[in-house]
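Enquirer:
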Amino acid sequence: MYLDCQSRPLLFGGIYAKNVWIKSMTLLHEQRVRRVAILCCTCMRNIAFYRACWDGHDLRVNNEFWKTVSGNFLDTAVHEWFKAFAHKRSKHHWSKVIPESSHAAFEHDLLAHLDLAPMPTYNGDELEGAHPYEQFNDLLRKYRDKFLAHLDDELVANLPVTEPMRKGAEFLFDYLTTTQPDAFSGYLMQTSADFFDGLSELGRAEVNRREAT
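Per the working numbering, residue 69 is the first one in the sequence shown, and the count goes up by one each step.
Right, dumping it as structure tokens:
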């Protein structure tokens, strides 16, 4: 069995009968770890498909359907990143599944992997935070709060860059599968790079097929 969003009824540990979920009272730690890994997979999947829709600044299939599809891919990636990285009170923030004694080392290595440049402003938006990671999360927070979860009065949405989200999801997924292998016992695992590359190829093939019709 692959660790994949399509396997959620098997992964999540709830009781699935007659197409109705019966909510578990408390998730086991291993179940929580797998859920965070699924968030990483969903983030990477949607980034791969979002990028497949574009050639530079041009939408490869420029009609209302593909505009909507590509936008939905981006929005989903932002939501999933936010759960695992930006919202510390989230049940699935990385700090909830990594031992507290390892938090400092993980965060140090995550920031080194992301290698973010300072961004006090982004397309005219002032971003909060002293560190580039905090500024990037504020960029995502503004996009999510002002255009996804709500609709404020801003006339232009600053679309977030996807590379830090991809790299962060990649790093966390590989970290969890490497440091907590017991949580994934019985699942056929891929590296994050293989997972992302395979989905990127699939996304490009689908768009190529649509371009050819």
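Cβ atoms here follow ideal geometry from the backbone N, Cα and C, with glycine treated the same way. What you are looking at is a predicted structure, and each value in this text was computed from that prediction instead of being measured.
Taking 8 Å as the limit between beta carbons, can you name the residues of its chain near residue 194, skipping five residues before and five after?
Expert: Counting from 1 along the sequence shown, the entry for residue 194 is found at position 126. Hits under 8 Å: 188.
Enquirer: Compute the Euclidean distance between the alpha carbons of residue 117 and residue 142, then round it to the nearest angstrom.
Expert: Stepping through the sequence shown from its first residue, residue 117 is reached at position 49. Stepping through the sequence shown from its first residue, residue 142 is reached at position 74. Cα to Cα, the separation comes out at about 9 Å.
Enquirer: Given this structure, state the Cα-to-Cα distance separating residue 241 from residue 108, to the nearest angstrom.
Expert: Along the sequence shown, read from residue 1 onward, the residue named residue 241 stands at position 173. Along the sequence shown, read from residue 1 onward, the residue named residue 108 stands at position 40. C-alpha separation (whole angstroms): 6 Å.
Enquirer: Return helix, strand or coil for residue 94, following the three-state DSSP convention.
Expert: Locating residue 94 in the sequence shown gives position 26, where the first residue counts as 1. If DSSP states are grouped into helix, strand and coil, residue 94 belongs with coil.
Enquirer: Measuring CA to CA, which of 233, 219, 184 is closest to residue 208?
Expert: Looking up residue 208 in the sequence shown gives position 140. If we check each option's Cα against that of residue 208, 233 comes out closest.
Enquirer: For residue 238 and residue 268, which I take to be in contact (beta-carbon distance under 8 Å), what is that distance rounded to the nearest angstrom?
Expert: On the sequence shown, residue 238 is found 170 positions in, with the first residue counted as 1. On the sequence shown, residue 268 is found 200 positions in, with the first residue counted as 1. With a Cβ gap of about 12 Å, residue 238 and residue 268 do not count as contacting.
Enquirer: Output the distance between the C-alpha atoms of residue 213 and residue 159, rounded to the nearest integer angstrom.
Expert: One-based indexing of the sequence shown puts residue 213 at position 145. One-based indexing of the sequence shown puts residue 159 at position 91. Whole-angstrom Cα-Cα distance: 19 Å.
Enquirer: Have a look at the DSSP bridge pairing and note the partners of residue 122.
Expert: Position 54 of the sequence shown, counted from the start, is the residue given in the question as residue 122. Answer is 127.
Enquirer: With contact counted as at least three CB pairs below 8 Å, one residue from each stretch, are the stretch 170-184 and the stretch 119-127 in contact?
Expert: Not touching, per the Cβ criterion.
Enquirer: So what does DSSP say about residue 211, is it helix, strand or coil?
Expert: What you label residue 211 is simply residue 143 of the sequence shown in a count that begins at 1. DSSP places residue 211 in helix when its eight states are reduced to three.
Enquirer: Quick one: complete beta strand (DSSP E) runs, 3+ long, within the stretch 174-234?
Expert: Whole beta strand (DSSP E) segments, 3+ residues: zero.
Enquirer: Are three or more beta carbon pairs between the stretch 128-141 and the stretch 149-166 nearer than 8 Å?
Expert: No, because fewer than three Cβ pairs between the stretch 128-141 and the stretch 149-166 fall closer than 8 Å, the two stretches do not touch.
Enquirer: Taking buried to mean at least 16 other C-beta atoms within 10 Å of its own C-beta, is residue 236 buried or exposed?
Expert: As a first step, residue 236 must be located in the sequence shown, where it is residue number 168. Buried: at least 16 other Cβ atoms inside 10 Å.
Enquirer: Just to confirm my understanding: we take residue 148, look at its own chain, exclude 5 residues before and 5 after, and list those with CB closer than 6 Å. What are they?
Expert: Within the sequence shown, the letter at position 80 stands for residue 148. Correct list, in chain order: 107, 110, 111.
Enquirer: Counting along the chain, where does the alpha helix (DSSP H) carrying residue 165 start and finish?
Expert: As a position in the sequence shown, residue 165 is number 97, starting the count at 1. Here residue 165 belongs to no alpha helix (DSSP H), and DSSP marks it neither H nor E.
Enquirer: Could you tell me the distance, in whole angstroms, from the CA atom of residue 135 to the CA atom of residue 99?
Expert: As a first step, residue 135 must be located in the sequence shown, where it is residue number 67. As a first step, residue 99 must be located in the sequence shown, where it is residue number 31. Roughly 35 Å separates the two Cα atoms.
Enquirer: In the DSSP assignment, find the alpha helix (DSSP H) that holds residue 141 and state where it starts and stops.
Expert: As a first step, residue 141 must be located in the sequence shown, where it is residue number 73. 132-149 is the span of the alpha helix (DSSP H), which, as asked, contains residue 141.
Enquirer: What does a CB cutoff of less than 8 Å around residue 129 pick up in its chain, not counting 5 residues either side in sequence?
Expert: Counting from 1 along the sequence shown, the entry for residue 129 is found at position 61. Excluding sequence neighbours, residue 129 sits near 121, 275, 278, 279.
Enquirer: How would you label residue 89, buried or exposed, when you count the other beta carbons within 10 angstroms and need 16 or more for buried?
Expert: As a position in the sequence shown, residue 89 is number 21, starting the count at 1. Its pLDDT being 49, under 50, residue 89 is placed unreliably by the model, and nothing is read from it.
Enquirer: When you compare the CB positions of residue 165 and residue 229, do they come within less than 8 Å of one another, or not?
Expert: For the purposes of this step, residue 165 is identified with residue 97 of the sequence shown, where counting begins at 1. For the purposes of this step, residue 229 is identified with residue 161 of the sequence shown, where counting begins at 1. No, the Cβ-Cβ distance between residue 165 and residue 229 is not below 8 Å.
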